[in-house]
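First comes the structure, then the notes that go with it.
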Amino acid sequence: MCKMKHSKNNILQTALHNFELAAKHLNLDEAIRRKVLGPKEKIEIALAPVLPGGKLTNINAFIVRHNDALGPAKGGIRMTPDVSLDDITGLAMEMTWKTSLIGVPFGGGKSGICFDPAILSPEEKQLIIRSFTRAARRHIGPETYIPAPDMGTNEMDMAHIRDCISLSEGTSITNGCFVTGKPVILGGIVGRREATGKGVVYTIQVMCEKLGLDITDMSVVLQGFGNVGSTTAAEIVKSGAKIIAVADISGGIVNTNGLDIESLLQYVRKTGVVKDFEKATQIDKDRIFEIDCDILIPAAAGSQITIENVNKINAKIIAEGANAPTTPQADDILNERGIPVIPDILCNAGGVFVSYLEYTQETQREQMTLAQVEHRLAERMKNRFNEVYSFAREKGLTMREAAMDMAVGKVVEAVFARGLLM
Ligand code: NAD
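For what it's worth, the working numbering labels the leading residue of the sequence shown as 127, then goes sequentially.
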């Protein structure tokens with residue numbers, strides 16, 4: 127299934143580029159630069175589950191624990207047909223900076239399962255997830271690596287991971303939090319599914335205030351309508367903005383008067399995709415960035431805003447719901463053109479922040495209310511946004527540079543404080 131070890135996308139190169147800029151700003155010497163950059167552990171796993179019907183299937187899987195100076199590695203499980211070890215390494219690095227920036231006691235990790243979930247029945251997917259969990263068992267744990275949902279995985283997959291681990295322990299509950307993003311009935315936290323999208327919208331609201339823009343006048347274009355895209359859509363229309371175009375893997379839809387998001391959510395629940403939604407014009411998915419708008423939100427795969435399409439973008443704000451959606455060359459052009467970007471490690475950090483609340487809830491065995499979760503999420507996202515924004519203004523940096531300098535600086539401080547250079 128997975129032919130490429132090195133993907134054609136450049137998530138790893140983007141992560142390395144962004145780190146090198148921060149290392150330069152922070153004046154890190156070679157030894158500390160290498161210590162902070164080098165992944166702590168990279169694991170490749172060959173899975174061979176027997177799927178229903180008796181077919182033995184070979185699947186590559188990866189786990190990367192990038193840096194754990196601030197705490198156990200945290201980061202989602204990506205299940206896509208072309209995910210590579212390089213992608214997972216780049217995404218694990220991003221998690222190190224994201225957890226540091228948003229201020230949760232975790233390091234960065236990520237895992238990948240190289241398979242297309244869209245062609246699997248629920249039973250087949252469960253089998254693959256359980257096969258991955260058994261094979262990866264000794265790398266997963268509250269003190270080592272705590273997975274969560276990412277592209278292609280969801281809360282049911284997290285339920286199966288949790289169940290598989292408690293079965294292996296011979297217990298009903300696990301001692302501590304092994305996985306976040308679980309269903310509430312199994313120790314998950316209310317509001318986790320919506321947390322990333324809500325966090326994206328909080329950062330957009332504050333950015334609009336800073337730029338003197340009224341969010342109720344804003345038109346929005348969205349790439350991706352999965353967990354992050356659909357929850358962002360639902361939230362941003364509540365704040366009064368109008369979504370005029372959406373694309374997913376199936377195609378794109380446009381309605382400059384505003385898409386009816388409630389109907390679109392229902393439609394996607396039924397069909398799984400946005401294509402052929404009735405009350406809109408159909409476009410090719412790759413033309414989504416050509417639609418003029420005030421706010422552009424990439425919320426799908428990495429390396430989507432590139433040198434090829436960046437000059438077709440006409441937006442006032444770009445909010446990175448996805449991880450690493452902008453290549454460094456495209457980022458430079460956006461900067462030259464004066465289009466501000468809310469960087470991924472800030473913009474989409476709401477998910478990992480609420481995962482942290484789930485982790486503490488599970489340790490304390492006490493359920494938080496939705497109001498408590500939402501209050502903590504809004505406060506943290508807005509405060510962090512303001513800190514990054516002020517730092518960027520003070521130092522004459524882009525928001526991405528400011529966020530990276532703050533995040534990497536904290537990891538370096540932790541490395542020194544622990545004496546990890548010895
Ligand atoms: P998902 O699998 O739920 O949804 C992905 C969406 O992207 C789908 O609608 C899919 O059709 C679409 N898509 C994929 N390739 C596309 C393409 N080439 N063009 C247009 N659309 C395309 O995934 P998700 O959990 O929503 O994650 C989306 C992004 O957000 C990823 O970059 C992920 O790493 C990041 N992210 C997710 C979370 C989370 O909590 N799930 C948290 C932080 C960041």
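Beta carbons are placed, not taken as given, at the ideal position from N, Cα and C, and that holds for glycine.
heavy atom of the ligand NAD below 7 Å from residue i C-beta
| i | result |
| --- | --- |
| M277 | yes |
| G350 | yes |
| D374 | yes |
| K411 | yes |
| V499 | no |
| T432 | no |
| A425 | yes |
| G477 | yes |
| V347 | no |
| N435 | no |
| V355 | The question names Val, but residue 355 in the sequence shown is Gly. At least one heavy atom of the ligand NAD is nearer than 7 Å to the Cβ of G355, so yes. |
| G197 | no |
| N449 | yes |
| G317 | no |
| T322 | yes |
| N474 | yes |
| G202 | yes |
| T428 | According to the sequence provided, residue 428 is Gly. The question's Thr does not apply to it. Yes. |
Proximity below 8 Å, CB of residue i to CB of residue j
| i | j | result |
| --- | --- | --- |
| I362 | V327 | yes |
| I468 | I417 | no |
| L472 | V514 | yes |
| A141 | M205 | no |
| G313 | E539 | no |
| G238 | N193 | no |
| M284 | V316 | no |
| L348 | G338 | no |
| G350 | P243 | no |
| L503 | F542 | no |
| G477 | A321 | yes |
| A448 | A426 | yes |
| E249 | P178 | yes |
| E484 | R318 | yes |
| G384 | Q408 | no |
| V332 | K508 | yes |
| I421 | M525 | no |
| F241 | Y482 | no |
Cross-strand partners of residue i (DSSP beta bridge)
| i | result |
| --- | --- |
| D374 | G377 |
| F188 | E170 and G238 |
| L422 | V347 and I444 |
| A199 | G233 and Y271 |
| L503 | Answer is none; L503 lacks a bridge partner. |
| I330 | DSSP, once it has assigned bridges, lists no residue as partnering I330. |
| R319 | Answer is none; R319 lacks a bridge partner. |
| I369 | V346 |
| N193 | G234 |
| V467 | I444 |
| R204 | G238 |
| V176 | L182 |
Min CB distance residue i to chain B below 8 Å
| i | result |
| --- | --- |
| P231 | The chain labelled as chain B is not found in the depicted structure, where only one protein chain is given. |
For this session: Pair every Cβ in the segment 285–292 with every Cβ in the segment 251–262, then say whether three or more of these pairs are closer than 8 Å.
Result: Yes, the segment 285–292 is in contact with the segment 251–262.
Exercise. At a cut of 8 Å, does the segment 182–201 reach the segment 165–172 through at least three beta carbon pairs?
Worked result: The segment 182–201 and the segment 165–172 touch, with no fewer than 3 CB-CB distances between them shorter than 8 Å.
For this session: Specify whether the segment 146–154 and the segment 519–534 touch according to this definition: at least 3 beta carbon pairs, one from each stretch, less than 8 Å apart.
Result: Flag = yes, the segment 146–154 and the segment 519–534 touch.
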